[in-house]
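Trainee: Here it is, the structure, as structure tokens.
There are 2 protein chains.
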Amino acid sequence: MYINHFSHYLPSKVVSNSYFENVNGLEDQWIYERTGIRSRFKATDDENTNTMAIEAVRNGLDQSGFSAGEVDLIIGASYSPYDTVFTIGHAVQREIGANAAKVVFVSSACSSLINALEIAEGYIAMGKAKNIIVVASEHNWAYSNESCSKSGHLWGDGAAALFISSEPKGKKPGRVLNVFTQGLGHVGKANDSVFLRPVSGGLSMPNGRDVFINAVTQMRRAIDVVLENTKLTVDELDYVVAHQANGRIISNLQKQMKLADDQVLTHIKSHGNTGCASTGICFSQNIDRIKEDDLVVFTVFGGGYSVGALLLRY
Amino acid sequence: MYINHFSHYLPSKVVSNSYFENVNGLEDQWIYERTGIRSRFKATDDENTNTMAIEAVRNGLDQSGFSAGEVDLIIGASYSPYDTVFTIGHAVQREIGANAAKVVFVSSACSSLINALEIAEGYIAMGKAKNIIVVASEHNWAYSNESCSKSGHLWGDGAAALFISSEPKGKKPGRVLNVFTQGLGHVGKANDSVFLRPVSGGLSMPNGRDVFINAVTQMRRAIDVVLENTKLTVDELDYVVAHQANGRIISNLQKQMKLADDQVLTHIKSHGNTGCASTGICFSQNIDRIKEDDLVVFTVFGGGYSVGALLLRY
Numbered sequence: 001m002y003i004n005h006f007s008h009y010l011p012s013k014v015v016s017n018s019y020f021e022n023v024n025g026l027e028d029q030w031i032y033e034r035t036g037i038r039s040r041f042k043a044t045d046d047e048n049t050n051t052m053a054i055e056a057v058r059n060g061l062d063q064s065g066f067s068a069g070e071v072d073l074i075i076g077a078s079y080s081p082y083d084t085v086f087t088i089g090h091a092v093q094r095e096i097g098a099n100a101a102k103v104v105f106v107s108s109a110c111s112s113l114i115n116a117l118e119i120a121e122g123y124i125a126m127g128k129a130k131n132i133i134v135v136a137s138e139h140n141w142a143y144s145n146e147s148c149s150k151s152g153h154l155w156g157d158g159a160a161a162l163f164i165s166s167e168p169k170g171k172k173p174g175r176v177l178n179v180f181t182q183g184l185g186h187v188g189k190a191n192d193s194v195f196l197r198p199v200s201g202g203l204s205m206p207n208g209r210d211v212f213i214n215a216v217t218q219m220r221r222a223i224d225v226v227l228e229n230t231k232l233t234v235d236e237l238d239y240v241v242a243h244q245a246n247g248r249i250i251s252n253l254q255k256q257m258k259l260a261d262d263q264v265l266t267h268i269k270s271h272g273n274t275g276c277a278s279t280g281i282c283f284s285q286n287i288d289r290i291k292e293d294d295l296v297v298f299t300v301f302g303g304g305y306s307v308g309a310l311l312l313r314y
Numbered sequence: 001m002y003i004n005h006f007s008h009y010l011p012s013k014v015v016s017n018s019y020f021e022n023v024n025g026l027e028d029q030w031i032y033e034r035t036g037i038r039s040r041f042k043a044t045d046d047e048n049t050n051t052m053a054i055e056a057v058r059n060g061l062d063q064s065g066f067s068a069g070e071v072d073l074i075i076g077a078s079y080s081p082y083d084t085v086f087t088i089g090h091a092v093q094r095e096i097g098a099n100a101a102k103v104v105f106v107s108s109a110c111s112s113l114i115n116a117l118e119i120a121e122g123y124i125a126m127g128k129a130k131n132i133i134v135v136a137s138e139h140n141w142a143y144s145n146e147s148c149s150k151s152g153h154l155w156g157d158g159a160a161a162l163f164i165s166s167e168p169k170g171k172k173p174g175r176v177l178n179v180f181t182q183g184l185g186h187v188g189k190a191n192d193s194v195f196l197r198p199v200s201g202g203l204s205m206p207n208g209r210d211v212f213i214n215a216v217t218q219m220r221r222a223i224d225v226v227l228e229n230t231k232l233t234v235d236e237l238d239y240v241v242a243h244q245a246n247g248r249i250i251s252n253l254q255k256q257m258k259l260a261d262d263q264v265l266t267h268i269k270s271h272g273n274t275g276c277a278s279t280g281i282c283f284s285q286n287i288d289r290i291k292e293d294d295l296v297v298f299t300v301f302g303g304g305y306s307v308g309a310l311l312l313r314y
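So the sequence lines, in the order shown, correspond to chains U and Z. Using UniProt numbering, the first residue of the first sequence is number 1, and each one after it goes up by one. Using UniProt numbering, the first residue of the second sequence is number 1, and each one after it goes up by one.
As structure tokens, then:
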């Protein structure tokens with residue numbers, strides 16, 4: 001399986017930390033020191049999870065190596081849905097005219113992008129799909145409570161699209177060496193550390209400490225799993241793309257792994273946490289840095305909890 | 001791939017048509033003639049999509065042929081989520097102690113059960129899973145608008161669990177001969193015939209006519225696809241389990257296919273539309289009728305739109 005291309009979409013509206021001073025009482029420097037975040041994007045009133053997904057796909061389809069009519073599977077990923085019936089994938093299918101595609105929506109919170117990739121792997125293994133679009137889109141502002149001083153300032157909106165095929169296509173295909181996911185619903189305070197209950201109040205993160213501890217441990221472990229599965233080592237990695245939830249989590253991971261600054265791709269400062277779209281957006285923004293033979297690992301941790309990792313060779 | 005066992009859960013509370021007379025102005029006989037529905041189940045205040053999923057799994061795990069510790073994948077399915085972060089699968093994982101499982105949540109509206117089965121097929125094809133729980137759960141009452149005279153009376157709550165493995169296990173495993181799904185987001189009024197937009201008003205079905213026309217056409221077509229893929233014919237089918245959305249859709253399908261009454265499994269009269277859980281609940285209730293060598297087809301249609309079919313040999 002190959003990821004031929006990454007693309008992304010970000011809303012035009014930027015919200016800086018100063019906005020929160022009168023909203024949840026937190027000051028710019030306080031937020032920055034604890035989260036690494038200075039600003040984040042916010043969807044406009046006529047944007048939502050589906051429209052952002054469509055824009056991300058539009059931004060990349062011409063470099064995917066296949067046409068809309070050749071797409072045989074679209075997997076949408078999100079925990080902040082606009083419509084749970086006419087889902088992300090259905091909206092993309094209708095918009096681009098991918099009339100032959102199977103369509104499904106998935107979520108394992110911030111881990112969903114890697115779950116979607118593992119599902120895509122399965123369709124390729126069965127011979128049921130050759131050209132696949134995975135599109136992750138989060139409209140956090142639709143569900144978050146901006147007046148919450150624990151998490152209101154953490155979230156950003158955005159979408160990422162991945163164009164995948166069984167054979168390499170396009171100008172810069174990356175070969176998927178290994179995908180790993182695991183559910184961690186049984187671990188720690190997974191049942192109420194982060195939740196998004198649409199009927200009873202939206203997105204909340206009351207137990208950030210439990211999330212932090214498990215995120216740094218599990219994201220590190222997931223990298224080890226995909227390296228062990230491929231008999232590769234940390235020393236051979238060129239880049240690490242970790243879920244962009246919090247600058248401290250990313251720094252902790254960097255220290256654990258003794259990585260140089262330029263090996264760690266991050267945009268947390270200007271994007272906040274864009275959920276399951278975060279690694280896709282971040283890597284799309286850095287794709288020009290990637291050279292032939294580069295080894296890249298994605299590692300993600302999701303509320304609920306879930307963990308996942310992806311190993312790519314260029 | 002084998003489905004070793006089906007189980008289900010229904011809430012204790014029953015709401016008969018007479019309830020709606022003062023709520024959306026529709027009378028019992030009017031509803032019954034147009035939908036085939038006399039009553040439906042409603043979750044109690046302390047129940048939700050996650051709790052019903054857990055109960056459905058509890059009701060069947062001891063007949064699954066595997067233990068909780070042996071489960072390597074849990075796929076939750078729903079369009080009416082309680083929590084999009086700590087999802088159905090995460091809740092089941094935590095409750096039963098399926099600590100080794102991968103966990104993902106999926107939706108293609110009322111089609112999701114078949115999408116989940118196709119994803120399960122992929123994990124088995126990759127060798128990444130051997131024992132899988134697929135659990136579909138819908139809490140329609142949490143999102144529906146009971147005062148809507150177009151669709152308020154259609155919905156019911158409930159959950160179904162399917163216990164799946166790569167080899168036959170348990171007392172009555174059914175062999176999966178074929179699974180088919182397709183996205184139909186490009187067809188008709190798929191973008192606004194049925195929607196559930198959590199932020200802006202919940203579950204609605206303003207274009208029932210477009211749904212009806214496409215449902216009867218596409219569910220019939222999906223059956224043909226799985227029969228063609230396996231070189232079997234309609235005459236060889238013993239039972240048909242169609243998505244339980246509306247009695248008229250099921251009758252139309254029966255007439256198109258010239259099926260005898262006892263070949264068509266239905267519970268629409270006493271359950272209403274339980275979304276993606278409907279075929280699973282209905283088949284679980286009829287499992288004692290199934291004999292060795294019986295050929296069973298499931299066919300589903302989902303808002304958004306999507307279609308799917310499953311062919312099982314006992």
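All C-beta atoms, glycine included, are put in the ideal place defined by N, C-alpha and C.
Can you find a C-beta in chain U that's less than 8 Å from the C-beta of Z:MET1?
Mentor: Chain U, which has no Cβ nearer than 8 Å to the Cβ of Z:MET1, makes this no.
Trainee: Cβ of U:MET126 less than 8 Å from any chain Z Cβ?
Mentor: yes
Trainee: Contact defined as beta carbons within less than 8 Å: I believe U:GLY158 pairs with U:ALA277. What is the distance between those atoms, to the nearest angstrom?
Mentor: 5 Å
Trainee: Using DSSP's beta-bridge definition, name the partner residues of U:ASN131.
Mentor: U:SER165
Trainee: Please determine, among U:TYR305, U:ASN24, U:VAL296 and U:ALA309, the residue with the shortest C-alpha to C-alpha distance to U:LYS150.
Mentor: U:ASN24
Trainee: Buried or exposed for U:SER306, going by 16 or more other Cβ atoms inside 10 Å?
Mentor: Its Cβ being crowded by 16 or more others within 10 Å, U:SER306 is buried.
Trainee: If we count Cβ pairs, one from each stretch, closer than 8 Å, do we get three or more for the region 15-24 of chain U versus the region 175-190 of chain U?
Mentor: When C-beta atoms of the region 15-24 of chain U are compared with those of the region 175-190 of chain U, fewer than three pairs fall below 8 Å, so the two segments do not count as touching.
Trainee: Just to make sure I have the definition right: I need the residues of chain Z whose C-beta is within less than 7 Å of the C-beta of U:ALA142. Which are they?
Mentor: VAL199
Trainee: Report the neighbours of U:ARG293 on chain Z: residues whose CB is nearer than 9 Å to its CB, in chain order.
Mentor: Per the sequence shown, the amino acid found at residue 293 of chain U is Asp instead of Arg. The contacting residues do not exist; U:ASP293 stays about 26 Å from chain Z at best.
Trainee: Contact defined as beta carbons within less than 8 Å: I believe Z:SER107 pairs with Z:SER78. What is the distance between those atoms, to the nearest angstrom?
Mentor: Rounded, the Cβ-Cβ distance is 6 Å, consistent with contact.
Trainee: Is Z:LYS102 close to chain U? Criterion is C-beta to C-beta, closer than 8 Å.
Mentor: For Z:LYS102, the answer is yes, since a Cβ of chain U falls inside 8 Å of its Cβ.
Trainee: Let me make sure I understand the geometry here. Which of Z:GLY188, Z:ASN214, Z:PHE283 and Z:GLY275 has the alpha-carbon closest to that of Z:ASN252?
Mentor: For Z:ASN252, the closest of Z:GLY188, Z:ASN214, Z:PHE283 and Z:GLY275 by C-alpha to C-alpha distance is Z:ASN214.
Trainee: Judging by CA-CA distance, which residue of Z:ALA98, Z:ASN145, Z:TYR82 and Z:GLU27 is the nearest neighbour of Z:ASP46?
Mentor: Z:TYR82
Trainee: Does the Cβ-Cβ distance between Z:SER64 and Z:CYS148 come in under 8 Å?
Mentor: no
Trainee: Taking the alpha carbon of Z:ALA109 as the point to measure from, which residue in Z:PHE20, Z:ILE124 and Z:GLY304 has its own alpha carbon closest?
Mentor: Z:GLY304
Trainee: Beta-carbon within less than 8 Å of U:THR44's beta-carbon, same chain only, minus the 5 sequence neighbours each way: which residues are those?
Mentor: PRO11, SER12 and LYS13
Trainee: Go ahead and pull the three-state DSSP assignment for Z:VAL225.
Mentor: helix
Trainee: Taking Z:ASP83 as the query, report the chain U residues whose CB atoms sit under 7 Å from its CB, ordered along the chain.
Mentor: Contact note: Z:ASP83 reaches chain U through PHE195, LEU196 and ARG197, using a C-beta cutoff of 7 Å and chain order.
Trainee: What residue range does the alpha helix (DSSP H) around U:ARG94 cover?
Mentor: 88-96
Trainee: Could one say the Cβ of U:ASN115 lies closer than 8 Å to chain Z's Cβ atoms, at least one of them?
Mentor: yes
Trainee: Name the residue from Z:VAL134, Z:ASN50 and Z:LEU232 whose alpha carbon lies nearest to the alpha carbon of U:ASN191.
Mentor: Z:ASN50
Trainee: Answer yes if the region 118-134 of chain U comes into contact with the region 159-170 of chain U, meaning at least three C-beta pairs across the two stretches below 8 Å, and no otherwise.
Mentor: Taking 8 Å as the limit for Cβ pairs, the verdict is that the region 118-134 of chain U does touch the region 159-170 of chain U.
Trainee: For U:ILE3, collect the residues of the same chain with a Cβ closer than 6 Å to its Cβ; drop the 5 residues on either side in sequence, then sort them by chain order.
Mentor: LEU162, ILE164 and GLY174
Trainee: Buried or exposed: U:ARG197, going by 16 or more other Cβ atoms within 10 Å of its Cβ?
Mentor: buried
Trainee: Look at the alpha carbon of Z:THR274 and the alpha carbon of Z:ILE88, and state the distance between them as a whole number of angstroms.
Mentor: 16 Å
Trainee: Start and end of the alpha helix (DSSP H) containing Z:ILE124?
Mentor: Residues 112-126.
Trainee: With DSSP run on the structure shown, which of helix, strand or coil describes U:PHE195?
Mentor: U:PHE195 falls in the strand class under three-state DSSP.
Trainee: Using a Cβ cut-off of 7 Å, pull out every chain U residue sitting near Z:ILE268, in sequence order please.
Mentor: What Z:ILE268 touches in chain U: nothing, since even the nearest Cβ is about 20 Å away.
Trainee: Rounded to whole angstroms, what is the Cα-Cα separation between U:ASP62 and U:THR266?
Mentor: 26 Å
Trainee: Between Z:VAL225 and Z:ALA309, is the Cβ-Cβ spacing less than 8 Å?
Mentor: The answer is yes: Cβ separation under 8 Å.
Trainee: Are Z:VAL104 and U:PHE195 closer than 8 Å when you measure CB to CB?
Mentor: No, the pair does not count as a contact, with Cβ atoms beyond the cut-off.
Trainee: Could you tell me if Z:GLY97 is buried or exposed, where buried requires 16 or more neighbouring beta carbons within 10 angstroms of its beta carbon?
Mentor: exposed
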